[in-house]
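Trainee:
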Amino acid sequence: MLLTRKTSSSPAAGAPGLVASLSRGIARAVPTMDRRAFLRRSGLGVGAGLAASQLTLMRKAQAADAAKGAGGERKVEVKRTVCGHCSVGCAIDAVVENGVWVRQEPVFDSPINLGAHCAKGAAVREHGHGEFRLKTPMKLVNGKYERITWDQALEEIGAKMLELRKQSGPDSVFVVGSSKHNNEQAYLLRKWMTLWGSNNCDHQARICHSTTVAGVANTWGYGAMTNSYNDMQNAKAALYIGSNAAEAHPVSMLHLLHAKENGCKVIVTDPRFTRTAAKADEYVRIRSGSDIPFLFGVLYHVFKNGWEDKKYLEDRVYGMDKVRDEVMAKWTPDKVQEACGVDEATCAKVAEIMAKNRPSTIVWCMGQTQHTIGNAMVRASCILQLALGNIGVSGGGANIFRGHDNVQGATDVGPNPDSLPGYYGLAEGAFKHFAATWGVDFEWIKKQYAPGMMTKPGMTVSRWVDGVLEKNELIDQDSNLRGLFFWGHAPNSQTRGLDMKRAMDKLDLLVVVDPFPSATAAMAAMPGRPEDQNPNRAVYLLPAATQFETSGSCTASNRSIQWREQVIEPLWESRTDHMIMYQLAGKLGFANELVKNYKMVKGKGGMDEPETESILREINKCVWTIGYTGQSPERLKAHMRNMNVFDVKTLKAKGGVDKETGYKLDGDYFGLPWPCYGTPEMKHPGSPNLYDTSKHVMDGGGNFRANFGVEREGVSLLAGDGSHSKGADLTTGYPEFDHLLLKKLGWWDELSEDEKKKAEGKNWKTDPTGAIIRVAMKNHGCHPFGNAKARAVVWNFPDPIPQHREALYSTRPDLIAKYPTHDDKKAFWRLPTLYKSVQEKNKDIGKTFPLIMSSGRLVEYEGGGEETRSNPWLAELQQEMFVEINPKAANDRGIRNGEYVWLRTPPMEGVPGFKGIRVKAMVTERVDAETVWLPFHFSGRWGGTDLAQYYPTGAVPVVRGEAVNTATTYGYDSVTMMQETKTTVCQIERAA
37 MLLTRKTSSS
47 PAAGAPGLVA
57 SLSRGIARAV
67 PTMDRRAFLR
77 RSGLGVGAGL
87 AASQLTLMRK
97 AQAADAAKGA
107 GGERKVEVKR
117 TVCGHCSVGC
127 AIDAVVENGV
137 WVRQEPVFDS
147 PINLGAHCAK
157 GAAVREHGHG
167 EFRLKTPMKL
177 VNGKYERITW
187 DQALEEIGAK
197 MLELRKQSGP
207 DSVFVVGSSK
217 HNNEQAYLLR
227 KWMTLWGSNN
237 CDHQARICHS
247 TTVAGVANTW
257 GYGAMTNSYN
267 DMQNAKAALY
277 IGSNAAEAHP
287 VSMLHLLHAK
297 ENGCKVIVTD
307 PRFTRTAAKA
317 DEYVRIRSGS
327 DIPFLFGVLY
337 HVFKNGWEDK
347 KYLEDRVYGM
357 DKVRDEVMAK
367 WTPDKVQEAC
377 GVDEATCAKV
387 AEIMAKNRPS
397 TIVWCMGQTQ
407 HTIGNAMVRA
417 SCILQLALGN
427 IGVSGGGANI
437 FRGHDNVQGA
447 TDVGPNPDSL
457 PGYYGLAEGA
467 FKHFAATWGV
477 DFEWIKKQYA
487 PGMMTKPGMT
497 VSRWVDGVLE
507 KNELIDQDSN
517 LRGLFFWGHA
527 PNSQTRGLDM
537 KRAMDKLDLL
547 VVVDPFPSAT
557 AAMAAMPGRP
567 EDQNPNRAVY
577 LLPAATQFET
587 SGSCTASNRS
597 IQWREQVIEP
607 LWESRTDHMI
617 MYQLAGKLGF
627 ANELVKNYKM
637 VKGKGGMDEP
647 ETESILREIN
657 KCVWTIGYTG
667 QSPERLKAHM
677 RNMNVFDVKT
687 LKAKGGVDKE
697 TGYKLDGDYF
707 GLPWPCYGTP
717 EMKHPGSPNL
727 YDTSKHVMDG
737 GGNFRANFGV
747 EREGVSLLAG
757 DGSHSKGADL
767 TTGYPEFDHL
777 LLKKLGWWDE
787 LSEDEKKKAE
797 GKNWKTDPTG
807 AIIRVAMKNH
817 GCHPFGNAKA
827 RAVVWNFPDP
837 IPQHREALYS
847 TRPDLIAKYP
857 THDDKKAFWR
867 LPTLYKSVQE
877 KNKDIGKTFP
887 LIMSSGRLVE
897 YEGGGEETRS
907 NPWLAELQQE
917 MFVEINPKAA
927 NDRGIRNGEY
937 VWLRTPPMEG
947 VPGFKGIRVK
957 AMVTERVDAE
967 TVWLPFHFSG
977 RWGGTDLAQY
987 YPTGAVPVVR
997 GEAVNTATTY
1007 GYDSVTMMQE
1017 TKTTVCQIER
1027 AA
């Protein structure tokens, strides 16, 4: 039965002996403590799992096991890795016996997961040995997938790419990279695309947090979570808005619940009553897409009562006076309630909780980002925190939980269409910086690109469909897209599934590189419209290794970087992603340039592949902007071996010496959270909380970034006098450091003669020696990126002050008239993007489609869901795709709980024979009568039809269901091309 529990919810029910007594008496027997301390004190790890001390004993036993010789004796190893699902970064000890991964244990010493796992983490071993993986290269032949050799696949794909390049140029190929790649692979893929000669590359971050990156970076400097999961234990209040952490990031809730035990007040704002809302002191239901009216409704009461931090605003924030004027004039309580449905008393109560319980933190996720005004919603959250003085303080911050295990790292150093690694952008100077690091001639790279295209941002993953389907004369590149790689990316996580199927059919080349075939395989093989078929289309499936079959680093949401050991050898015929990149580069003619700086090692089958440590060392040499330079492989590995020395609340090491290397861990923050500035030898400890002026910069402190000039309309953008990080020699605001500023300050002679020669004409981001950073930070306590004010007004965005604008498909024509969307845009990210024309055409759409449709996560599944729905242990927990519908809406339609329904949306109008998506109804008051909600992890069914026959033999997911994104509508953020998934419209009827 749908969502039926299989065991009692009581923790002590049926529990024998020790467990039962512990669960009855724990509240009285011990004071509040973290899981790690509890397990050690209670001894619960004994008999219930391998405690950290036992794993240490097993490690010591490895040498003895190995010394027994090759006579078939038992050899046990313990490999430390990181869960491959959400971005919390839970550490795992994998027990490997004679090369077979036989069991796993959560790492009790990890300061992040404290010995805990969610359902996905507990079942992660299955992804290393899962029987439903893609086992061999395959090619689509006459509608069926046939096994081919790697040699044939690489030869044919390479030849086809070169053919497309010759006929239509390098921009005719689009590569969707992966947030499942480790940092080294993500970086290498962006390098691979640069050497191919195109910026048409992207990855999952575009459709989950690109609006966060843009909005946050343009407010105070860096587009990332400011604090950490652990630091939430220091919060006195926490506002979750558009985040269902209890299901999306379950282990992160450990830290919130510790905070709550210490008095933290929890507010959850969401259109749906979630499992996170069940833990809240205050639940606020808002209309989907109305975050700005709510946040500014709260801010109205902050200003009205004088609760803003006036000194903080004077010293550290630009433009809040203009925001105040607009909020007080425009977002009076009556306007707020009209737009978002929240009354004055509730807004005032939230404001009071946040203001009178400081430091207070804010958490948001895709509920806030996936809108046509996602960038503005993000900035409204930032503005609220700035007004309260909550940024740059422990227990405060903007805690932005990312989705995939390395979506933060892939965003930082991976395949973005508008930037080289480290957010360096696409100016020629950025290409020259990387060309010098790579040892590749800049002019050679420039010639790889089509004329004039090197410095032009590419298309986005959210819009590749239009890159294929749009009229050529409206596209800002020579050719439509003809070739596409899905390299570790699920197509069902993207909107407009009906259009995506058409685009897939029109391609000349479609390549899927993934441990699982993903929904792409079935979508590509199933019959489509005859007029869309390309008879020359070639489709290939390449089996990639999982992250447990290679080594490398991954970056959690809190910016801590962890090193994964290789657990097992790549299974079946799978190959590591970086091996595949290298082998394809060989077919395309730039293999030598790709791996010029790397040590080559023997991988699967004795074939060459670049060493991941070598790739990380190259990242350390060039990604100065965000401080990916101090985390050498050696430092990261030492952290992984010595997790026990890091404090659970602060992440700071208290003493500790790594026995293997003698490295002193004392003072480091766990995972060296970026920015970890300078060379590894400078031993910057990492930055646990960004913009924190209470610490010296060499202890992870900082201030807001000077990234937007020094003056605006006659007003200084630099921090006020006396506002600086602890111990800084400059006690006022200052611009970013370059060779000229060092000379003016008289600090230039603190560089060696060789350093002067290499740093001449450079700034802190391009100095290859790191000496400018060292002198500014270590010698003078100053931040290399300057000391400026955060911006409450962002003049380079469509709306300098965030504006509420109704979704393109809205059930409220009265609000469309008051809060219209943007005008249509031409050649935006190389494509025309529609706004007002779509909204005007559909302003009365609510008469036909009266329900607001939204989507989100389940605890059992992750992302597009193919890997988790192919895991029998997880598949057993959630076997059906469903829609949550309110009892009133269900009763009005004659729908009962558990019955199948058809859900239809506007794109389905006029599609012959397509009745909608067929899902089960879950009748619940979690949603109101105007809203329905669906999980986004399903695929494998299409318009009521099971697609099992279209998957490769042996790689059919255990659970298949309709994809919500078959139903989602057109709509994109006005800055980043973030897709609109959280606010569209639908109608539901009972299935016959």
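Our numbering numbers the first residue of the sequence shown as 37 and each following residue consecutively. From the three backbone atoms N, C-alpha and C, an ideal C-beta is built for every residue, glycine too.
Which residues in the same chain as A416 place their Cβ atom closer than 7 Å to its Cβ, once the five residues preceding and following it in sequence are excluded?
Mentor: The residue given as residue 416 occupies position 380 in the sequence shown. Around A416: D327, I328, L331, F332, P838.
Trainee: Which word fits T185, buried or exposed, when buried means at least 16 other C-beta atoms lie within 10 angstroms of its C-beta?
Mentor: Here the question's residue 185 lines up with position 149 in the sequence shown. Burial call: exposed.
Trainee: Evaluate the contact criterion for the region 234 to 245 versus the region 446 to 463: three or more CB pairs, one atom per stretch, below 8 Å.
Mentor: Cβ pair count under 8 Å is three or more, so yes.
Trainee: Under 8 Å by Cβ, that's how I've got I651 and L231 pegged, so tell me the actual separation to the nearest angstrom.
Mentor: On the sequence shown, residue 651 is found 615 positions in, with the first residue counted as 1. On the sequence shown, residue 231 is found 195 positions in, with the first residue counted as 1. 14 Å between Cβ atoms; not a contact.
Trainee: Which runs of the alpha helix (DSSP H), 4 residues or longer, sit entirely within the region 521 to 549?
Mentor: DSSP runs (the alpha helix (DSSP H)) wholly in the region 521 to 549: 533 to 542.
Trainee: If you drop the 5 nearest sequence neighbours on each side, which residues of the same chain put their C-beta closer than 6 Å to that of P369?
Mentor: Looking up residue 369 in the sequence shown gives position 333. Result list for P369: E380, in chain order.
Trainee: From the DSSP output, in three-state form, read off N933 for me.
Mentor: Here residue 933 is taken as the residue at index 897 of the sequence shown, counted from 1. If DSSP states are grouped into helix, strand and coil, N933 belongs with coil.
Trainee: Kindly confirm or deny that the region 249 to 261 and the region 410 to 430 touch, where touching means at least three C-beta pairs closer than 8 Å.
Mentor: Because the criterion of three Cβ pairs below 8 Å is met, the region 249 to 261 and the region 410 to 430 touch.
Trainee: Between V830, V919, S610, Q203, which has its C-alpha nearest S515's C-alpha?
Mentor: For this step, residue 515 is matched to residue 479 along the sequence shown. The shortest Cα separation from S515 among V830, V919, S610, Q203 belongs to Q203.
Trainee: Exposed or buried, P566, counting other C-beta atoms within 10 Å across all chains shown (16 or more means buried)?
Mentor: In the sequence shown, the residue the question calls residue 566 occupies position 530. It counts as exposed.
Trainee: Rounded to a whole number of angstroms, what is the C-alpha to C-alpha distance between G663 and F864?
Mentor: Sequence index remark: in the sequence shown, residue 663 carries index 627 (1-based). Sequence index remark: in the sequence shown, residue 864 carries index 828 (1-based). Those two C-alpha atoms are separated by around 31 Å.
Trainee: Leaving out five residues before and five after I62 in sequence, what residues of the same chain have Cβ atoms less than 6 Å from its Cβ?
Mentor: Taking the sequence shown and counting its residues from 1, one reaches residue 62 at position 26. Residue confidence is low: I62 scores 32 on pLDDT, short of 50, so the model does not pin down where it sits. Its coordinate-derived value is still stated next. So the list is empty, once near-sequence residues are dropped.
Trainee: Is the region 209 to 226 touching the region 173 to 192 in the sense that three or more CB pairs, one from each, lie closer than 8 Å?
Mentor: With a cut-off of 8 Å, the region 209 to 226 and the region 173 to 192 do not count as touching, because too few Cβ pairs lie within range.
Trainee: For the structure I just gave you, are there three or more beta carbon pairs, one from the region 964 to 981 and one from the region 818 to 834, closer than 8 Å?
Mentor: At 8 Å Cβ cutoff, the stretches do not touch.
Trainee: Quick check: the region 744 to 759 against the region 782 to 796, are at least 3 beta-carbon pairs closer than 8 Å?
Mentor: As far as the Cβ criterion goes, the region 782 to 796 does not touch the region 744 to 759, which means the pair count is below three.
Trainee: Report the three-state DSSP secondary structure of V252 (helix, strand or coil).
Mentor: For the purposes of this step, residue 252 is taken as residue 216 along the sequence shown, with counting starting at 1. Three-state result, V252: helix.
Trainee: Could you give the uninterrupted runs of the alpha helix (DSSP H) lying entirely in the region 127 to 156, keeping only those of 4 residues or more?
Mentor: Complete alpha helix (DSSP H) runs here, min 4: none at all.
Trainee: What is the DSSP secondary structure of Y897, counted as helix, strand or coil?
Mentor: Taking the sequence shown and counting its residues from 1, one reaches residue 897 at position 861. DSSP places Y897 in coil when its eight states are reduced to three.
Trainee: Specify whether the region 805 to 818 and the region 295 to 305 touch according to this definition: at least 3 beta carbon pairs, one from each stretch, less than 8 Å apart.
Mentor: The answer is no - the region 295 to 305 does not touch the region 805 to 818, with fewer than three Cβ pairs under 8 Å.
Trainee: Can you give me the start and stop residues for the beta strand (DSSP E) that W969 sits inside?
Mentor: Here the question's residue 969 lines up with position 933 in the sequence shown. Note, W969: beta strand (DSSP E), 967 to 971.
Trainee: From E945, R499, L275, H337, pick the residue whose C-alpha is nearest to that of R394; which is it?
Mentor: The residue labelled residue 394 in the question sits at position 358 within the sequence shown. The option with the nearest alpha carbon to R394 is L275.
Trainee: Pop quiz: L844 and Y871 are said to be a contact at Cβ under 8 Å. What is the actual Cβ separation, rounded to whole angstroms?
Mentor: Position 808 of the sequence shown, counting from 1, holds the residue named residue 844. Position 835 of the sequence shown, counting from 1, holds the residue named residue 871. Rounded, the Cβ-Cβ distance is 7 Å, consistent with contact.
Trainee: Considering Cα atoms alone, identify which of G325, P307, E297, R323 is closest to K315.
Mentor: Within the sequence shown, numbered from 1, the residue matching residue 315 stands at position 279. The shortest C-alpha separation from K315 is found at E297.
Trainee: Looking at W710 and T591, is the spacing between their C-beta atoms short of 9 Å?
Mentor: One-based indexing of the sequence shown puts residue 591 at position 555. One-based indexing of the sequence shown puts residue 710 at position 674. Yes, the pair counts as a contact, with Cβ atoms nearer than the cut-off.
Trainee: Residues bridged to W228 by DSSP?
Mentor: In the sequence shown, counting from the first residue as 1, residue 228 sits at position 192. The partner list for W228 (beta bridge, DSSP) is empty, contrary to what the question assumes.
Trainee: Thinking just about the alpha-carbon of each residue, which of W343, T612, A271, D361 is nearest to the one in S430?
Mentor: Position 394 of the sequence shown, counted from the first residue, corresponds to residue 430. The residue with the shortest Cα to Cα distance from S430 is A271.
Trainee: T397 by DSSP, collapsed to three states: which one?
Mentor: Against the sequence shown, residue 397 aligns to sequence position 361. Strand.
Trainee: Does the beta-carbon distance from G900 to Q583 come in below 9 Å?
Mentor: In the sequence shown, residue 900 corresponds to position 864, counting from 1. In the sequence shown, residue 583 corresponds to position 547, counting from 1. Not closer than 9 Å, so no.
Trainee: Could you tell me which residues DSSP pairs with A689 in its beta bridges?
Mentor: The residue labelled residue 689 in the question sits at position 653 within the sequence shown. Answer by DSSP bridge pairing, in chain order: F682.
Trainee: Is there contact here, the region 600 to 619 with the region 501 to 509, by at least three beta-carbon pairs under 8 Å?
Mentor: No: fewer than three Cβ pairs fall under 8 Å.
Trainee: Leaving out five residues before and five after S1010 in sequence, what residues of the same chain have Cβ atoms less than 6 Å from its Cβ?
Mentor: Numbered from its first residue, the sequence shown carries residue 1010 at position 974. P834, H858.
Trainee: Determine the burial state of L983: buried for a count of at least 16 other Cβ atoms within 10 Å of its Cβ, exposed for fewer.
Mentor: On the sequence shown, residue 983 is found 947 positions in, with the first residue counted as 1. L983 comes out buried.
Trainee: Per the DSSP calculation, G743 is bridged to which residue(s)?
Mentor: Along the sequence shown, one-based indexing puts residue 743 at 707. Before going on, a small fix: residue 743 reads as Asn here, not Gly. Per DSSP, none; premise fails for N743.
Trainee: Between V693 and the rest of its own chain, which residues show a CB-CB distance below 6 Å, the 5 nearest in sequence each way excluded?
Mentor: The residue labelled residue 693 in the question sits at position 657 within the sequence shown. Around V693: K700.
Trainee: What distance in whole Å lies between the Cβ atoms of S324 and T967, which are believed to be in contact at a cut-off of 8 Å?
Mentor: For the purposes of this step, residue 967 is taken as residue 931 along the sequence shown, with counting starting at 1. For the purposes of this step, residue 324 is taken as residue 288 along the sequence shown, with counting starting at 1. With a Cβ gap of about 6 Å, T967 and S324 count as contacting.
Trainee: Output the distance between the C-alpha atoms of T1019 and I881, rounded to the nearest integer angstrom.
Mentor: Position 983 of the sequence shown, counted from the start, is the residue given in the question as residue 1019. Position 845 of the sequence shown, counted from the start, is the residue given in the question as residue 881. Going from the Cα of T1019 to the Cα of I881 covers about 13 Å.
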